[in-house]
Each structure stands twice: as C-alpha cells, then as structure tokens.
Amino acid sequence: MKTPWTDGNSVQLLINGEEYYPRVFEAMAQAREEILLETFIIFEDKVGQQLQQVLIDAAKRGVRVEVAVDGYGTADLTDQFIAAMTEAGVSFHAFDPQPRLVGMRTNLFRRLHRKIVVVDGERAFIGGINYCLDHLGEFGPMAKQDYAVEVTGPVVAQVHASSRRLLAPVLQPPSQVRPVSAPTGNASAVLVERDNNRHRTDIEQQYLQVFRQAQRRIVVANAYFFPGYRLLRELRNAARRGVEVTLILQGQPDMRWVRALSRLLYNYLLRDNVRIHEYCQRPLHGKVALVDEEWSTVGSSNLDPLSLSLNLEANLLIRDRAFNQMLYKHLSELAMQQCKAVTLERMIRGYWWRAPLIFMGFHLTRWFPRVAGWFPAHRQRLQSLQPDTDSHANFHEGKT
1 MKTPWTDGNS VQLLINGEEY YPRVFEAMAQ AREEILLETF IIFEDKVGQQ LQQVLIDAAK
61 RGVRVEVAVD GYGTADLTDQ FIAAMTEAGV SFHAFDPQPR LVGMRTNLFR RLHRKIVVVD
121 GERAFIGGIN YCLDHLGEFG PMAKQDYAVE VTGPVVAQVH ASSRRLLAPV LQPPSQVRPV
181 SAPTGNASAV LVERDNNRHR TDIEQQYLQV FRQAQRRIVV ANAYFFPGYR LLRELRNAAR
241 RGVEVTLILQ GQPDMRWVRA LSRLLYNYLL RDNVRIHEYC QRPLHGKVAL VDEEWSTVGS
301 SNLDPLSLSL NLEANLLIRD RAFNQMLYKH LSELAMQQCK AVTLERMIRG YWWRAPLIFM
361 GFHLTRWFPR VAGWFPAHRQ RLQSLQPDTD SHANFHEGKT
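See below:
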C-alpha cells in the first residue's frame, strides 16, 4: 500500500441505519458545491426515496451531484425513480450493467461494492451500509446489523481522490473541488482500496500485516467469512502465540449457504483456541475489525473471495485509541449479549460426514484467489443515464 497515513482526523462510528442515515442525509442537505456518492444498492423504499429527495434538492440549488451505483445491486430501480433525479440535474451512473438472462441478473462477479459519500471535499462517509430499509430496525427480524464511519480531516482528500478516479471517465467537466486538509481530530487514518488494477490485494495485505503483528487481541466482525488460506493461518498463528482472537460471524444468515461455507472452517480455527461467536439477533452485515488497542478498520470489504479477489472495495484504516476502545466495547457487548459461542465439541459432532466438505472448503480458500484470476475482469466502465426514457431503459437492458 503506497497511500500514506494522515494525522489530524476525526472519526465517528455510526451503527446501523438509525445512526447513519440522519448523518449522511444532513451532510448532503448542507452541501454547497459537490456530492460524490458510490453504493452497491439503492431500493425504492422509504430510505431510497429519502436519498432521492435530498439529492434532487441539492442538484436544484446548484450542487454538483454524481451518483455511481452497481449494475447488479441496483438493477431494480424504475425508470421513473431515476428520471426524477436526472431531470433535476443529478448525474447518475451505473457500473457495468448487463442484460438479464431468463429474468436473472448475470453480472454477479467483480461488482462495485464500495459505499462512499464525499461532501464538498470536507466530509466523508465510508462503510457497509446501503440505501434500503433493511438497515433499519423497523424492517423486522431480518434487519441488518452494520457499520459506517463519518470522517473529517486530511484523509478526506484520499477518499475524494479515490471517488474522482472511479468517476473520471464520466466527469464532465472534472471536479474542481479542493478537499480541505485542516486537522479536525487526533486520529491517524488511511483509505485502502481493492480494485482489478494496481490494488488487487491491498485490503488483504493490511489484514495479514496487523494479524502478524498483533500482541494482545484481534476482534473481527464480518458478515461473509470465507477468507483465503493465508488469513486463516495468520489468525490461527496469532491464537497459538497467546493473542486473544475473537470472530463474530453470522448466526442468523441472510443467505444460508454463506454460513454453511464459514462453518467448514470452524474446526481449523477452534482447535487453536480462536473464539467464534455467531450473532443471532439479526443478520450481521458489518465489515469491521480491531487489533490490540489502537488499530481498527471499517469499510465495505467482507472476508470472502468476492471482496478479497473480485469486487471493488474500500476500507478506512484507523489508528486511534479512543475509537478502538469504543469499537471494542461495542463488539464485546455484542458477543456477550447477542451471540452464541461456538465450541469445538459442538463442531465435532457429525464430523465424520462433514469431513470431506471441510477438506474441500479449506482447500477452496487456498486456491480460490488464483482461480478467480481466470474470470474475465470487468473494465472500470460506468454508463451515464441521461434525462430521457431511452437511456433509462438501457440501464435495465444492459446496453452501452
């Protein structure tokens, strides 16, 4: 990773949509010059409609609004929903839209999975929260548990530059906003990305480095846990040398096959005293971790092959004792009060018939990154939608 750490940042943890949406919508409502937004999913529900209105209002008062969505995750928006924004002046771009096959979305791999907002080059939001009702408790038992951060300070320039690079092919004219670099707090931070060009393994390498250096504790809360062999080995090695390693994973999954894959790896970790807790209150969608008393990360990257080897992702790395302690307190309460501890004895039951699957799952983690390289890589291609019905239809049909 060549991007330097920056000092003098302020980082605020935002838990679930209840904390995230009011803050990000307020920031957009106060925008004076520019809003850059990237997301995987927007739904036409209560949250999506609030987002639509705040973007329309910003565009009407002369703010430059650039929205990039994923062609797979946001494939179900209606033409009318998009037209209301583009006709007001919002620039709306879809990442690699593709035609459906027998009604099914076909562009599953190498998605734009980042969730980033930058307002006026002064304030940024980074995390795993999409724009849909299922990130609010009122959605019901399947509401997602998730995290984001609001950040100000010099690191916002890195986030702004990253979004501009993604949007560069469609920015006409290029962004003229100059990010504010004045210190606002005491946190050191750096943006780390994963793409299909120069940053293919940056996020994974950061995890590997801090796991190797860990001395006291590692806590990982991750929705889709099926990492590569090297990450598994470093977690096991850390536990072997006396580091307290705690994993908080899905216990009430939104996709059952994901938990099934994760459980294929449990034996390998539990045998070396890695602590595994399954969060059972509702589906865990978070992508956060901390190491020792200072290092933390919040972002969009899961620890699975899609995020580590295929998708476009962005995480903020943070060195700040106060933020680390706040996140540790929250995750510890989550593990103690809303999780079920997974024991080796429990996993050994029925081991004889699961052993072949465990063997296959373990070796899949070892070889998948190399196999993933065989898949054709998406170009960094954004399709801009214009305020006319033909271009909106092209989004759904996947035409360029």
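Residue numbers are given in full-length UniProt numbering: position 109 of the sequence shown equals residue 109, and the series is strictly consecutive. Positions of the beta carbon are idealized from the N, C-alpha and C atoms, including for glycine. Everything numeric in this text was worked out from a predicted model, so none of it was measured.
If you count every other CB in all the chains shown that lies within 10 Å of the CB of Glu234, and 16 or more means buried, which is it?
Taking the first residue of the sequence shown as position 1, residue 234 is located at position 234. Glu234 comes out buried.
In the DSSP assignment, find the unbroken beta strand (DSSP E) run with Asp7 in it and report its ends.
Position 7 of the sequence shown, counted from the first residue, corresponds to residue 7. Asp7 -> beta strand (DSSP E) spans 6-15.
Alpha carbon to alpha carbon, how far is Arg23 from Val288?
Here residue 23 refers to the residue found at position 23 when the sequence shown is read from its first residue. Here residue 288 refers to the residue found at position 288 when the sequence shown is read from its first residue. Cα to Cα, Arg23 sits roughly 19 angstroms from Val288.
At 3 residues or longer, what runs of the beta strand (DSSP E) sit wholly inside the segment 96-167?
If we require 3 residues or more, the beta strand (DSSP E) runs fully inside the segment 96-167 come out as 116-119, 123-127, 147-152.
When the Cβ atoms of the segment 11-19 are set against those of the segment 140-158, are three or more pairs found closer than 8 angstroms?
Touching, yes, given that three or more Cβ pairs across the two stretches are closer than 8 angstroms.
With DSSP run on the structure shown, which of helix, strand or coil describes Gln383?
What you label residue 383 is simply residue 383 of the sequence shown in a count that begins at 1. Here Gln383 sits in strand by DSSP.
Taking Gly121 as the reference, give the member of Ser175, Leu312, Ile248, Ala88 with the closest Cα.
The sequence position of residue 121 within the sequence shown is 121, counting from 1. Of the listed residues, the one whose Cα sits closest to Gly121 is Ser175.
Leaving out five residues before and five after Val155 in sequence, what residues of the same chain have Cβ atoms less than 8 angstroms from its Cβ?
In the sequence shown, residue 155 corresponds to position 155, counting from 1. Thr6, Asn9, Ala124, Ala189, Val190, Leu191, Leu316, listed in sequence order.
If you run the structure through DSSP and keep just helix, strand and coil, what is Ser300?
Here residue 300 is taken as the residue at index 300 of the sequence shown, counted from 1. In the structure shown, Ser300 sits in coil (DSSP, three-state: anything other than H, G, I, E or B).
Report, in whole angstroms, the separation of the C-beta atoms of Val54 and Ala29, which I expect to be a contact under 8 angstroms.
Position 54 of the sequence shown holds residue 54. Position 29 of the sequence shown holds residue 29. Right, the Cβ-Cβ distance comes to about 6 angstroms (below 8 angstroms), so this counts as a contact.
Where Lys329 and Phe139 are concerned, what is the direct C-alpha to C-alpha distance, given to the nearest angstrom?
Here residue 329 refers to the residue found at position 329 when the sequence shown is read from its first residue. Here residue 139 refers to the residue found at position 139 when the sequence shown is read from its first residue. If you take the alpha carbons of Lys329 and Phe139, they lie about 26 angstroms apart.
Look at the alpha carbon of Ala223 and the alpha carbon of Ala341, and state the distance between them as a whole number of angstroms.
Residue 223 sits at position 223 when you count from the first residue of the sequence shown. Residue 341 sits at position 341 when you count from the first residue of the sequence shown. One C-alpha to the other measures close to 16 angstroms.
So which of Asp70, Gln252, Arg263, Val220 has the shortest CA-CA distance to Val245?
As a working note, residue 245 is residue 245 in the sequence shown. Among Asp70, Gln252, Arg263, Val220, the Cα nearest to that of Val245 belongs to Val220.
On a CA-only basis, which of Gln281, Asn237, Leu303 is nearest Asp272? Give me that one, please.
Within the sequence shown, residue 272 is the residue found at index 272, counting from 1. The shortest C-alpha separation from Asp272 is found at Asn237.
Considering only the beta carbon of each residue, do Glu68 and Phe40 sit closer than 8 angstroms?
Here residue 68 refers to the residue found at position 68 when the sequence shown is read from its first residue. Here residue 40 refers to the residue found at position 40 when the sequence shown is read from its first residue. Sequence check: residue 68 is Ala here, not Glu. Not a contact, by the Cβ cut-off of 8 angstroms.
Out of Arg241, Arg198, His135, which one is the CA nearest neighbour of Gln215?
Taking the sequence shown and counting its residues from 1, the one referred to as residue 215 is at position 215. With distances taken between Cα atoms, Gln215 lies closest to Arg241.
On the three-pair Cβ rule with 8 angstroms, is the segment 167-184 touching the segment 75-86?
These segments do not touch.
Between the alpha carbons of Leu231 and His160, how many angstroms are there, rounded?
The count along the sequence shown starts at 1 and reaches residue 231 at position 231. The count along the sequence shown starts at 1 and reaches residue 160 at position 160. Those two C-alpha atoms are separated by around 30 angstroms.
Under 8 angstroms by Cβ, that's how I've got Gln145 and Gln281 pegged, so tell me the actual separation to the nearest angstrom.
To locate residue 145, count along the sequence shown from 1; it is residue 145. To locate residue 281, count along the sequence shown from 1; it is residue 281. Their Cβ separation, rounded to whole angstroms, is 7 angstroms, which keeps Gln145 and Gln281 in contact under 8 angstroms.
Spatial neighbours of Phe25 within its chain, please: C-beta separation below 8 angstroms, excluding the five flanking residues on both sides.
What you label residue 25 is simply residue 25 of the sequence shown in a count that begins at 1. Contacts found: Gln50, Leu51, Val54.
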